[in-house]
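Reviewing the structure listed below.
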Amino acid sequence: MLGSLILSASRSPRLRDAVTTVPLTRRVVDRFVAGEGLPDAIAVAADLTARGLLVTVDHLGEDTRDAASAAAVAAAYTGLLDRLAGEGLAGVEVSIKLSAVGQALPRDGGRIALENARAVCAAAARAGTTVTVDMEDHTTVDATLETLRDLRADHPWVGVALQSMLRRTEGDCRDLAGPGSRVRLVKGAYAEPVSVAFGTAGEVDRAYVRCLRILMSGQGYPMVASHDPRMIEIAGALAAEHHRGPDDLEYQMLYGIRTDEQSRLASGGSRVRIYLPYGTDWYGYFMRRLAERPANVAFFLRALAG
Ligand code: FDA
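Numbering (my numbering), first residue to last: 171 to 476.
Listed below in structure tokens is the structure:
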């Protein structure tokens with residue numbers, strides 16, 4: 171309830187101004203974001219890698235409003251990938267939101283996003299790494315999966331996030347459980363209407379388990395993106411049931427969330443990838459993290475008060 175309110179309020183320009191211009195916000199944002207510049211992302215990615223964790227870097231941004239900005243985001247990604255390879259961090263993959271590279275543009279958004287995403291995938295191929303496409307709100311799912319199909323024609327390793335909160339997702343998991351596919355299963359971070367999404371946490375969790383079963387019994391590579399101890403335990407049990415070894419799946423968590431659990435899983439031999447955002451456009455990402463957990467709002471308000 172509080173989460174939905176925060177997500178709705180986060181669209182208000184006045185709230186955006188209030189949150190982004192208070193200097194103390196930075197301290198709280200730093201918990202979830204590597205920093206604003208590319209050197210910050212490189213430094214944190216190197217540190218996580220040295221600690222035995224895998225990394226996917228997200229250049230923050232979404233809902234880009236003009237073609238030049240969309241092209242600039244794609245250029246930021248190609249610069250990031252070149253720099254990662256140059257720093258010997260070629261194993262670090264990237265995550266990309268199609269709305270950041272043009273999907274939401276009123277004219278030719280789909281084509282522009284595809285061209286920009288293709289350029290990012292080509293840079294990833296040169297760097298010897300992979301790309302995963304983030305999933306945004308439900309109105310974008312069909313367009314995102316269509317772009318994914320086009321990208322995978324040239325780069326079969328391109329992955330995608332699917333959200334168990336959406337009623338359609340079990341079907342999407344079935345479609346994407348074939349050989350070579352890489353699916354990051356998440357619960358979903360957007361406020362969605364009950365016509366398309368499950369309304370309670372219990373329903374979303376049960377759907378997550380059903381989707382996990384499909385992915386684990388399929389021939390692709392499941393990426394279990396959750397901080398929920400129950401989902402992680404069930405994923406481990408399903409992996410064993412389907413004779414998947416430690417290299418046949420990975421766990422993913424967000425930078426700054428449940429870091430002890432990240433280390434515990436990695437030291438037990440599991441592949442654990444940290445989603446590491448950086449950049450100046452952190453507002454939307456930050457508000458979704460607040461919405462997920464009321465305790466974060468209290469932490470934020472305490473920092474402001476202090
Ligand atoms: P749940 O929300 O039930 O949380 C379980 C426990 O995790 C909590 O009790 C708490 O301990 C901890 N926790 C969770 N969120 C926290 C927070 N913000 N701060 C502090 N503690 C927290 N979503 C989406 O719609 N599209 C996408 O592309 C992605 N991509 C993505 C990548 C990766 C690697 C991850 C881990 C997550 C995403 N998400 C996402 C976000 C996802 O949809 C979801 O909102 C969050 O992961 C929270 O859900 P959990 O599965 O962690 O469970």
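Even glycine gets a Cβ: it sits at the ideal position worked out from N, Cα and C. The structure displayed is predicted, hence computed values, not measured ones.
In this structure, does DSSP put residue i in helix, strand or coil?
i           : result
residue 361 : coil
residue 302 : strand
residue 445 : strand
residue 229 : strand
residue 285 : helix
residue 355 : strand
residue 265 : strand
residue 347 : coil
residue 392 : strand
residue 259 : coil
residue 271 : helix
residue 401 : helix
residue 165 : Outside the displayed range of the chain (171 to 476) lies residue 165, so it cannot be described from this structure.
Could you give the distance in angstroms between the alpha-carbon of residue i and the alpha-carbon of residue j?
i           : j           : result
residue 467 : residue 453 : 14 angstroms
residue 403 : residue 238 : 45 angstroms
residue 324 : residue 376 : 35 angstroms
residue 410 : residue 435 : 15 angstroms
residue 211 : residue 226 : 10 angstroms
residue 331 : residue 424 : 14 angstroms
residue 280 : residue 328 : 17 angstroms
residue 207 : residue 433 : 26 angstroms
residue 125 : residue 316 : Because the chain is modelled from 171 through 476, residue 125 falls outside the range shown and cannot be assessed.
residue 209 : residue 340 : 39 angstroms
residue 388 : residue 446 : 28 angstroms
residue 457 : residue 183 : 13 angstroms
residue 268 : residue 304 : 8 angstroms
residue 262 : residue 334 : 26 angstroms
Count the other CB atoms, across all protein chains shown, that sit within 10 Å of the CB of residue i; report buried if there are 16 or more and exposed otherwise.
i           : result
residue 354 : buried
residue 271 : buried
residue 174 : exposed
residue 308 : buried
residue 422 : buried
residue 249 : exposed
I believe residue i touches residue j by the beta-carbon criterion, under 8 angstroms. Please report the beta-carbon distance rounded to the nearest angstrom.
i           : j           : result
residue 469 : residue 192 : Their Cβ separation, rounded to whole angstroms, is 14 angstroms, which puts residue 469 and residue 192 out of contact at 8 angstroms.
residue 298 : residue 241 : Going by Cβ atoms, the distance from residue 298 to residue 241 rounds to 24 angstroms, so no, they are not a contact pair.
residue 177 : residue 461 : 5 angstroms
residue 215 : residue 251 : The pair is not a contact, with the Cβ atoms about 12 angstroms apart (cut-off 8 angstroms).
7 angstroms is my cut-off, CB to CB: does residue i come that close to chain B?
i           : result
residue 376 : In the structure shown, chain B does not exist; there is a single protein chain.
How about the segment 240 to 252 and the segment 270 to 289: do they share at least three Cβ pairs that are nearer than 8 angstroms?
They touch, by the three-pair rule.
Would you call the segment 362 to 369 and the segment 390 to 398 in contact, with 3 or more CB pairs under 8 angstroms?
Too few Cβ pairs lie closer than 8 angstroms, so no.
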